[in-house]
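J.: Just so we're aligned, residue 1 is where the sequence shown starts under the UniProt record's numbering, counting upward by one.
One structure, pasted below without further comment.
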Amino acid sequence: MASKVDEPLTLKFTSTTFDPEKYVRNLSAECDTDAELQDHRKRIQALSEETAISLKKNVYKNYMQFIETSKEISYLEAEMYQLGHFLAEQKSILTSQQDMSLFGAEDSSSSAKPLNKDEKGSSSIESVEGLAGVLDISDINCVFEGDLMEVFPDTFLPKLKVHAFLLHDSMVIASIIQNRRGPVRYKFLSLFELENVAVVNMTSADGTKDAFKILLFPETHVYEAESKQIKKEWLDKIEECKKNFKLKLEQEVGQGDTEVTGELTTVSSSNNTNPFFEEVGKNPFLEDDKNPFYNNNDDDDDDDGDDDKNPFKESKSTNPFDEDEEPLASSSPGSSSSKLVKCKKGWLTDLPEDLDMFIAQRDFERAMELIDRTNQYLKENSSSQASKEIKVRLDRRVKLLVDALIDELDCSRSFLLHVGPRATRRAVSLLVRLGRAAEACQLFLRNRSEAIKHSLRQLKIEGATSLYISKLSAAFFSSIIETGKEFDQVFSANRGFSSAFVVWANSELQQFVSRFSCQVFHREMDVAAIGVCVSMAKEQCEKLHEIGLDLTFSMQQMLLRDIAEALLDTRDQMVKFARHRAKEANWTPTDFEGRLDQLNTLCGEMESCGIENFNTFIVGRSKVDLSSATVSFIKGVLGFVADGLRVITPQLQQVFVNCIGDLFENQVVLFEGILKSGRYISQHDFILKNASFVLETILPLVKRKLKVGSSSGRLIEIQGELKRLQAISPSSDPTEAEGQAASR
C-alpha cells in the first residue's frame, strides 16, 4: 500500500492509460483504513490546486505574449503603411520631375503617350442597352474591357457580375443580360469619369482577392478581377487613360485658348532645343534685356527703347495679371517684329473639379456663374475637340446641379414649411436659368402646397366655429397672395406659366373648401351660422384681386351642393316644427300678460322685418290677435329668408324659392286640416284671420325680399289658396278631415 501512495501521482494522472473510475475502485479496495484514504484524498486535492495555479500562470503568460505580439504586428502594419505611402509620394515626385525635365527626352514608352489604334481592339460597347442616352457611341473607342465581380464594400460578399468598358475618359459599368438573343447583351448601370475617381489597389489582407476599389464621393465601389494579372492590367490602363486624357485636354485647351495679339515671326533655330520654347509665350527665362520680369534700377536712364516693349513696365501698384489669364511673354528673343501672346482660359482644365466642389458646398450661385461662363466659351469655340469634351463634362455637372436644386426644393424639408415662399427663390431662379423652368414651376407650386397644408394643420380648432373659420380663411388666402407675388417675380420672364398658377390656386381652393365644409356644414349649424362663415370666406377670397386673381365664383361653385343641402335640411326641420306647433296650438290670441318686454321685442322684430301694420294686431295691452303657432311660423320664415339671402347664389335662387314655397304650402295644408277637423268650430274666423295674415301680408313681403315678383308662379298660386280656405266649412268627421289634409 505504501508503494501505491508514494508513487508520484502526477505521472500516474498524466499517463495515457489512466482510467479515473478504475483508479477510484482500486484505491478504495487497497486502502486499509479511512485515515489512509482521507490522506490520499488530501494529496490529490493539493495536487489539483497546484495544477490549477500553474495553468492560470501559463494562461496569463501566454495572453501577455499574445498582446505583445499583437502590438508588434500593429506597429509593423503602421510602418508598412507609412512605407507604402512614402513610396507612392516618391513615385509621384519622380514622375513630375521627369515631366518637368529640361534635358531628358520623353520616353517613348511613357504612359502619357496616346494609345495607338492597334491597341484598342474590338469592343462590344455598342451592344450596351441604354448607353446611347448617356454617351455618343458613334465615335467612341474602347481601350480595355472585361468581366468583373462587384462586391459589397463592407462585407466583400458578391453583389453582381458586371462587364466593364474603359474609354479614354471614362469607365462604363454594365450588367450582363442572361438568355438574351441578338446583339444586345449588356444593360447600362453607371458611368465613372476617370478624372473624378480615385482607384485604390486592395491586397488580400483587406478581406478580398484580386480586387481594386473605385472611390467616387460619396460612393465606394469594389470590383474583383479574375486574376492578379488582369487586375494589374486594369489598374495600369486606368492610370494610363487618366494621364493621357489630362495631357490631351490641356494641350487642346492651350492651343485653342491662345490669342495672338499681333504678327508672330518664326522662332530662331538656336532656341528650338529649349523646352520652354515649345509653347509660345511660356518662357520665363529670357535674357535680361528681354525678360519682362527683369527689374533694372537704371531703366529710367536707358534710351534703347526696351521699356516700350516691356508690358510689365507699369506702376508698381498695378496687377498685370487677370485672374483668368496667364502671364504675358515675348514670342522670341531673335525676332525684331515679335508681338506679345496672351494665354487665357486655363480654368477650363479645372472646370469639373470646381463645379463638383461648388455643388458639394451647395454654393449654387458660383456654380451657375461658372456654367454660364463655360457656355459662353463653348458658344464661341464650338468646333474644337476640347470643346466637345468640355461640353460632355459640363452636361453631367449640370445634371448634378439640377438634382441638387431639386433636392433643395424637396417638400419633406421641414424648414421650407415654416417660412414663406422666398426661401425657395434661389433654387427656383437657378433652375429657370438652367432651362428647367417647367420643372421649377412644378416644384415651386408643389412646395407651396405642402407649406399651406402645414400652416393650416397648425391652426387650433377653437370653441366657436366662426372664430376658427376666420383664422382658417385668413391663413389660406394670405398664403395664396404671397405665393402669387413670389410666382410673378420669379417667373416674370415666363408669362406662359400663369395658367399653371391659376390651376394650382384652384386646386388649393378645393382643399380649402373641403376643410371648410367639414367644419361648417353639419346638423348643429343653422343657416345663420353658415351664412356668417361663408361671408368670412368670401371676404377673404375677394382679397385675391390684388394679385389679379378672382376665385369667388369658383368657391361658390364648390360650396353649391353643401349650401343647397343645408337649405333643404333647414326646410325639413321647419316643416316638422310647424306641424308640431299646429297640433299643440289652442288657436286663441297670444297672451303676453306679465311679459310686456317680450311683446315689445316681438313688435320691434316684426317692424325690422318690414311688417309695418303689426301694431293693428295688438288687442288690449298684452294680447296679439294671432296664434302662437302663426307667430312662430312668421318669425321662422322671415329669419330663414334673411339667412338664406346671405348664402345663396344665382344658381341657388330657384332652390331657395322652392324651399320658401314648400314652407308656405305646408302652412296652407295645416290651415286646411284644422278648418276641416271640426275641433275648432268656434275659432273658425280666428283661424281664417291667421291664414289671411300669412298669405296676404307675409307672403308678399317674402316675394319682395326674394325679388321674384310675378316670375314665381308657385308663390302666386299659394297666395290664391286663401279663397279656397275661406270656402271650407267644418266637417262632421274629424278623422276624415285630418286624413285629407295629410294627403295634401
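Even for Gly, the Cβ is constructed at its ideal location relative to N, Cα and C.
From a predicted model like this one, the values you see are computed outputs, not experimental measurements.
#1: Report, in whole angstroms, the separation of the C-beta atoms of ARG457 and PRO421, which I expect to be a contact under 8 angstroms.
#2: In this structure, how does DSSP classify LEU236 when only helix, strand and coil are distinguished?
#3: Going by CA-CA distance only, name the one from LEU509, GLY463, GLU450 and THR424 that's closest to PHE487.
#4: Determine the direct distance from the alpha carbon of GLU233 to that of GLU226, and round the result to whole angstroms.
#5: So with Cβ pairs under 8 angstroms, would you call GLU524 a contact of chain D?
#6: Please report how far the alpha carbon of VAL513 lies from the alpha carbon of TYR468, in whole angstroms.
#7: Select from PHE188, GLN556, LEU638 and THR697 the residue whose C-alpha is nearest the C-alpha of SER517.
#8: In the structure shown, what three-state DSSP assignment does TYR23 receive?
#9: Helix or strand or just coil, what does DSSP make of GLU584?
#10: Can you list, in chain order, the residues of its chain whose CB lies under 7 angstroms from that of ASN690, leaving out five sequence neighbours each side?
#11: From ALA505 to THR483, what does the alpha carbon distance come to, in whole angstroms?
#12: Is it true that the CB of VAL392 sits closer than 8 angstroms to the CB of LEU434?
#13: DSSP on TYR81, reduced to helix/strand/coil?
#14: Kindly list the residues whose CB is nearer than 8 angstroms to the CB of GLN510, restricted to its own chain and excluding five residues on each side of it in sequence; keep chain order.
#15: Tell whether a beta-carbon distance below 8 angstroms holds between ILE125 and PHE165.
#16: Nearest to VAL532 by CA position, among LEU568, ALA464 and ASN586, is which residue?
#17: What is the residue span of the beta strand (DSSP E) that SER175 lies within?
#18: Report yes if the CB atom of LEU194 is closer than 8 angstroms to the CB atom of PHE245, and no otherwise.
#19: Cβ atoms of LEU567 and VAL520: under 8 angstroms apart, would you say?
#20: Where do the N-terminal and C-terminal ends of the beta strand (DSSP E) with PRO158 fall, by residue?
#21: What does the alpha-carbon distance come out to for the pair VAL24 and THR17?
#22: For the alpha helix (DSSP H) that contains GLU226, what are its first and last residues?
#23: Across which residues does DSSP place THR590 in a beta bridge pair?
#24: State the DSSP-derived secondary structure class of GLY146, mapped to helix, strand or coil.
#25: Could you say which of PRO650, GLU546, PRO589 and LEU652 lies nearest to SER622 if we only look at CA atoms?
#26: Taking the CB atoms as reference points, tell me whether PHE152 and THR208 lie closer together than 8 angstroms.
#27: Here's the rule: buried if 16 or more other CB atoms are within 10 angstroms of the residue's CB, otherwise exposed. What is PHE553?
#28: How would you call GLY673, buried or exposed, if buried means at least 16 neighbouring beta carbons within 10 angstroms?
#29: Quick check: the region 682-697 against the region 646-657, are at least 3 beta-carbon pairs closer than 8 angstroms?
#30: In three-state DSSP terms, what is ALA727?
#31: Given this structure, state the Cα-to-Cα distance separating LYS538 from GLU546, to the nearest angstrom.
#32: Have a look at VAL197 and ALA438 and give me their C-alpha separation to the nearest angstrom.
#33: Taking its Cβ as the centre, do 16 or more other Cβ atoms sit within 10 Å of THR601, making it buried, or is it exposed?
#34: With a threshold of 16 other CB atoms inside 10 Å of the CB of LYS237, please say whether the residue is buried or exposed.
#35: On the CB-based measure, 16 or more other CB atoms within 10 Å of its CB, does THR69 come out buried or exposed?
#36: For GLN540, count neighbouring C-beta atoms within 10 Å of its own C-beta (all shown protein chains included) and say buried if the count is 16 or more, exposed if not.
T.: So, from the data block:
#1: Incorrect: roughly 18 angstroms between the Cβ atoms, too far for contact.
#2: The sequence shown places Asp at residue 236, rather than the Leu named in the question. Looking at ASP236 - three-state DSSP - the assignment turns out to be helix.
#3: THR424 is the residue among LEU509, GLY463, GLU450 and THR424 whose C-alpha sits nearest the C-alpha of PHE487.
#4: C-alpha separation (whole angstroms): 11 angstroms.
#5: Absent from the structure is chain D; it holds one protein chain and no more.
#6: Cα to Cα, VAL513 sits roughly 14 angstroms from TYR468.
#7: GLN556
#8: helix
#9: helix
#10: LEU626, SER627 and THR630
#11: 9 angstroms
#12: no
#13: helix
#14: Once the five neighbours on either side are set aside, the close Cβ partners of GLN510 are MET558.
#15: yes
#16: ALA464
#17: 170-176
#18: yes
#19: 8 angstroms or more divides the Cβ of VAL520 from the Cβ of LEU567.
#20: 158-167
#21: 14 angstroms
#22: GLU226 -> no alpha helix (DSSP H), and no H or E assigned at all.
#23: VAL624
#24: strand
#25: PRO589
#26: no
#27: exposed
#28: buried
#29: no
#30: coil
#31: 15 angstroms
#32: 33 angstroms
#33: exposed
#34: buried
#35: Looking at its Cβ environment, which holds fewer than 16 other Cβ atoms inside 10 Å, THR69 is exposed.
#36: buried
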